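This note's numbering applies: residue 93 is where the sequence shown begins, and numbers increase by one.
Each residue gets a CB set at the ideal place from its N, CA and C atoms; glycine is no exception.
Keep in mind that this is a model prediction, so the values were computed, not measured.
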Amino acid sequence: MRIVFIGSGGSRVTKRRSCPSILVDNDTLIDCGPGSLKNLRLIGVDLVDCIDRILLSHTHADHISDLVPILWAMQLDGRSRKLTLIGPKGLEYTVTDLLDLLGTPKGFIRYPLEYIEIDGRETIGDISTCMVEHSIHTVAYRLDRSGGSLCYSGDTRPCRRLIDLAYGADILIHEASFPNSYVDIAVRTGHSTGREAGIVAYESSVRKLILFHISLEDFEEAILDEARSVFGGDIILAEDLLSIEI
């Protein structure tokens, strides 16, 4: 299993970080915030023959804003095969609305789009899901393949459902938006601190923790140190275009 961090930041693009997006084995894209399409182009991902499905954790702008540009790019590149979009209930309405709002000509996208709407209790092939605790309906994903397993938290407060979903995974990709000194903001906005991500990793007995969705680069050292204080396994701070093999 090969994981590439297309974007590793939080809700704003910085010089070093685009918004959240992860590519798994060239066939699965998880979230696609601002900057995703540019970084996919930068590493040479073929939008015709790669990316069978896009998993969307929720519909906040920092996780979905590059979806329409990606759909357009796939059409302009000559894609003809089906693309599957998986995400929370209401996904098809949201995507259709976005396509219309952004002036997509009628009939412009000619390749098939399949929508699978979930509420966070489903298993779909190699994907397992759970609902997590954010300010809107948000889904966490787990992928189990012969080459390894990963769990992606989406945006969330620490929660038992996520611990159960991630249990025993090779890699947990957990948001760590803030250091613990900002825990009040994390609670108010439905996010996690570095320490809280470490606790989830410890309680779910994962092998490796990757800290993700970094709000400000000034927080990096504190977030990493806090996670290390409670989780003894490998910890990596995600960076744009970082590639990891399981």
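- Under DSSP, Asp236 forms a beta bridge with Ser241.
- Per DSSP, Arg320 lies in no beta strand (DSSP E) segment; the continuous alpha helix (DSSP H) that holds it begins and ends at 312-320.
- Under the Cβ criterion (8 Å, minimum of three pairs), the region 291-299 counts as touching the region 314-331.
- For Asp218, no alpha helix (DSSP H) encloses it, and the DSSP letter there is neither H nor E.
- In terms of Cα proximity to Leu194, the closest of Pro161, Ile216, Gly101, Ala232 is Pro161.
- Only exposed fits Thr188, as fewer than 16 other CB atoms lie within 10 angstroms of its CB.
- A distance below 8 Å separates the beta carbons of Gly286 and Ala319.
- Rounded to whole angstroms, the Cβ separation of Ile210 and Ile178 is 7 Å, and the two are in contact under 8 Å.
- For Lys300, the pairing in a beta bridge is given by DSSP as Ile263, Asp326.
- An exposed status is given to Pro197, since fewer than 16 other beta-carbon atoms sit within 10 Å of its beta-carbon.
- The bridge partners DSSP lists for Thr230 are Val224.
- For Ala268 against His305, the beta-carbon gap comes to about 7 Å, under 8 Å, which counts as contact.
- It is roughly 6 Å from the alpha-carbon of Gly101 to the alpha-carbon of Ser307.
- In the structure shown, the three-state DSSP call for Leu254 is helix.
- In its chain, beyond the 5 residues on either side, Lys174, Leu175, Thr176, Leu177 have a beta carbon closer than 8 Å to the beta carbon of Glu206.
- The Cβ atoms of Asp154 and Cys111 sit closer than 8 Å to each other.
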